[in-house]
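Just below is one structure, and these are the notes that go with it.
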Amino acid sequence: MTNTIWMGVLLVLMILLTKKLKLTYWWLKPVFKKGLNMDMARLSRGLELLRKAMGTS
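When the letters of the sequence shown are read in order and numbered with my numbering, they come out as residues 50 to 106.
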């Protein structure tokens with residue numbers, strides 16, 4: 050149960066951090082934004098797989 054709580058806390062922190070990064074850098078570095086969006090897509094896929102794995106175990 051505590052693992053689920055920690056995963057939720059980390060997820061919220063990551064979402065807040067990425068929103069702040071996007072708001073700060075979207076106008077500064079379009080290439081960085083594109084790279085960040087690609088990384089976020091990979092990260093969200095990984096989190097989805099992790100969530101499925103934790104749900105089944």
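Note that CB positions come from ideal geometry on N, CA and C, so glycine has one too.
Owing to the predicted nature of the structure, the values given are computational and were not obtained by experimental measurement.
Looking at residue j and residue i, is the spacing between their C-beta atoms short of 8 Å?
i	j	result
Leu96	Leu62	no
On the three-state DSSP scale, how would you describe residue i?
i	result
Leu92	helix
Ser106	Residue placement at Ser106 is poorly supported in this model, since its pLDDT is 46, which falls under 50; the coordinates still yield a value, given next. Three-state DSSP puts Ser106 in coil, outside helix and strand.
Nearest to residue i by CA position, among the options, is which residue?
i	options	result
Met89	Ala102, Thr53, Trp55, Leu65	Leu65
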